[in-house]
Amino acid sequence: MAHKAGFVNIIGNPNVGKSTLMNQLTGEKLSIITSKAQTTRHRIMGIVSGEDFQIVYSDTPGILEPKYKLQESMLNFVDLALTDADIILFVSTPNDSKRINIDYAEKIKKLNLPVIVILNKIDTVKQEEVIQLLELWQKIYPKAKIVPISALHKFNIPKVLDLILQDLPESPAYFEKDKLTDKPMRFFVSEIIREKIFLHFRQEIPYSTQVEVESYKAYPQITKIRATIYVERETQKPIIIGNKGLSIKRIGTEARRDIERFIGAKVYLELFVKVDKDWRNNTSKLKRFGYE
Ligand code: GDP
Ligand code: MG
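Numbering (my numbering), first residue to last: 343 to 634.
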């Protein structure tokens, strides 16, 4: 089967659950999340790769706030945001369906791209209302696929993936596919932590330590990061931790601030210290730490 790849832009009014959906779609496989302070079209990007496909999701938060005065410039911004889309995920909700912006829908239709209308938060209404809303959206987007979901309750998420894969164009992958696709961000995070260790410790400690980011999860409100500092000897562990944990606390606080500045989001950083006697000489471990 030919390889498929493409850019899938998630758009819709604020608060309809775009970010929640994006987190569900990327899940554990989320390999790249970038979040910058300024709102750009790729404010949050998440890549999901399979053997024969790669989906590059973009979240475009809040650009459709229906304030009439700003509408013109917002629509221009949306055009810009959609220039690299292969598929549009248009997210709405039962409540949001009460204020459909027809001009905007016409604008999207003119792009001639596959549109998947996501009716999210169906957990908030009765079945009959869902059916009516699906009909309503089908009238507005006659060519679109319409799928009812609950991003919060993980209902029908695989269906969304199915529909995306159907419309994804044939193309080689845009980004590296292996697990290390997420390397740039994680790597940067581990470098920031390592920098603090270099700043606060002397002699052999900095050279004996390695940092591995074990978990990196970007939620709408906060990015949660769990990292482990590896040292080579048992005697080094209490030094990193410090009296009453003060040293590691200081590393954590300073690193968290820098990471927050770098990714433009609030960060919850958890740090652990472990002894790994031979990480510097073990090929597979070095590889895991990104030294190839
Ligand atoms: P965004 O502004 O479009 O990115 O929306 P968010 O993903 O930040 O979600 C806005 C709010 O809607 C959050 O409080 C979510 O927990 C909530 N939400 C998202 N999806 C669902 C859903 O399927 N059902 C319900 N009841 N709430 C949801
Ligand atoms: Mg959002």
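Note that CB positions come from ideal geometry on N, CA and C, so glycine has one too.
Keep in mind that this is a model prediction, so the values were computed, not measured.
The ligand GDP heavy atom lying under 6 Å from the CB of residue i
{"i": "Leu-507", "result": "no"}
{"i": "Ala-493", "result": "yes"}
{"i": "Asp-445", "result": "no"}
{"i": "Asp-465", "result": "yes"}
{"i": "Thr-565", "result": "no"}
{"i": "Lys-303", "result": "The structure shown has nothing for residue 303, since the chain only spans 343 to 634."}
{"i": "Asn-498", "result": "no"}
{"i": "Pro-436", "result": "no"}
{"i": "Asn-357", "result": "yes"}
{"i": "Pro-490", "result": "no"}
{"i": "Asn-286", "result": "With the chain covering 343 to 634 only, the question about residue 286 has no answer from this structure."}
{"i": "Pro-562", "result": "yes"}
Beta carbon of residue i nearer than 7 Å to that of residue j
{"i": "Phe-349", "j": "Asp-426", "result": "yes"}
{"i": "Asp-401", "j": "Ile-352", "result": "yes"}
{"i": "Arg-598", "j": "Leu-588", "result": "no"}
{"i": "Ile-499", "j": "Ala-447", "result": "no"}
Same chain, Cβ closer than 7 Å to residue i, five either side skipped, listed in chain order
{"i": "Gly-354", "result": "Lys-360, Leu-406, Phe-432, Val-433, Ser-434"}
{"i": "Tyr-561", "result": "Asn-365"}
{"i": "Leu-600", "result": "The displayed chain sequence assigns Asp, not Leu, to residue 600. Cβ neighbours of Asp-600 beyond the five flanking positions: Ile-534."}
{"i": "Lys-579", "result": "Val-573, Val-615, Val-617"}
{"i": "Leu-505", "result": "Ile-458, Lys-487, Val-489"}
{"i": "Leu-453", "result": "Leu-424"}
{"i": "Ala-344", "result": "Glu-512"}
{"i": "Lys-519", "result": "Ser-391, Gln-396"}
{"i": "Glu-602", "result": "Lys-608, Val-609"}
{"i": "Lys-619", "result": "Glu-574"}
{"i": "Glu-414", "result": "Its pLDDT being 47, under 50, Glu-414 is placed unreliably in this model, and the value from its coordinates should be taken loosely. Once the five neighbours on either side are set aside, Glu-414 has no close Cβ partner at all."}
{"i": "Val-555", "result": "Arg-528, Val-531, Ser-532, Ile-567, Ala-569"}
{"i": "Tyr-410", "result": "Annotation note: pLDDT 40 at Tyr-410 (below 50); position unreliable, no value reported."}
Close beta carbons around residue i, own chain, < 6 Å, minus the five adjacent residues each side
{"i": "Lys-616", "result": "Thr-570, Tyr-572"}
{"i": "Pro-490", "result": "Leu-461, Ile-464, Val-472"}
{"i": "Glu-596", "result": "Lys-538"}
{"i": "Lys-559", "result": "Lys-566"}
{"i": "Gln-480", "result": "Ile-488"}
{"i": "Lys-346", "result": "Phe-395, Leu-510, Glu-512"}
Nonlocal neighbours in the same chain, by C-beta distance under 8 Å from residue i, ignoring five residues either side
{"i": "Ile-547", "result": "Ile-539, Val-573, Gln-578, Ile-581, Ile-582"}
{"i": "Ser-557", "result": "Lys-566, Ile-567, Arg-568"}
{"i": "Ile-564", "result": "Ala-607, Lys-608, Val-609, Tyr-610"}
{"i": "Ser-492", "result": "Asn-462, Lys-463, Ile-464, Asp-465, Asn-498"}
{"i": "Ile-444", "result": "Ile-482"}
{"i": "Gln-545", "result": "none"}
Reference residue i, options the options, closest by Cα
{"i": "Ile-593", "options": "Val-553, Ser-400, Lys-481", "result": "Val-553"}
{"i": "Leu-510", "options": "Glu-596, Leu-424, Leu-455", "result": "Leu-455"}
{"i": "Lys-487", "options": "Leu-494, Phe-497, Gln-508, Lys-496", "result": "Gln-508"}
{"i": "Phe-676", "options": "Asn-357, Ala-347, Leu-367", "result": "Nothing about residue 676 can be read from this structure; the chain reaches only from 343 to 634."}
{"i": "Leu-494", "options": "Ala-347, Asn-357, Tyr-549, His-345", "result": "Asn-357"}
{"i": "Ile-590", "options": "Met-343, Ile-605, Leu-613", "result": "Leu-613"}
{"i": "Val-502", "options": "Arg-603, Ile-605, Phe-604, Ile-430", "result": "Ile-430"}
{"i": "Phe-543", "options": "Lys-346, Lys-559, Gly-584, Met-527", "result": "Gly-584"}
{"i": "Glu-576", "options": "Phe-604, Thr-551, Lys-451", "result": "Thr-551"}
{"i": "Ile-605", "options": "Met-527, Lys-619, Val-555", "result": "Met-527"}
{"i": "Glu-470", "options": "Pro-436, Arg-441, Glu-602, Pro-484", "result": "Pro-436"}
{"i": "Lys-451", "options": "Lys-346, Lys-586, Lys-485", "result": "Lys-485"}
The segment 527-535 touching the segment 355-363, judged by at least three CB pairs closer than 8 Å: no
Does the segment 386-395 come within contact of the segment 466-480, defined as at least 3 CB pairs closer than 8 Å? no
Taking contact to mean at least 3 C-beta pairs separated by less than 8 Å, is the segment 533-546 in contact with the segment 568-581? Enough Cβ pairs lie closer than 8 Å, so yes.
Examine the Cβ distances between the segment 474-492 and the segment 455-464 and report whether three or more of them are shorter than 8 Å. yes
Would you be able to state if there are at least three C-beta pairs under 8 Å between the segment 391-400 and the segment 508-518? yes
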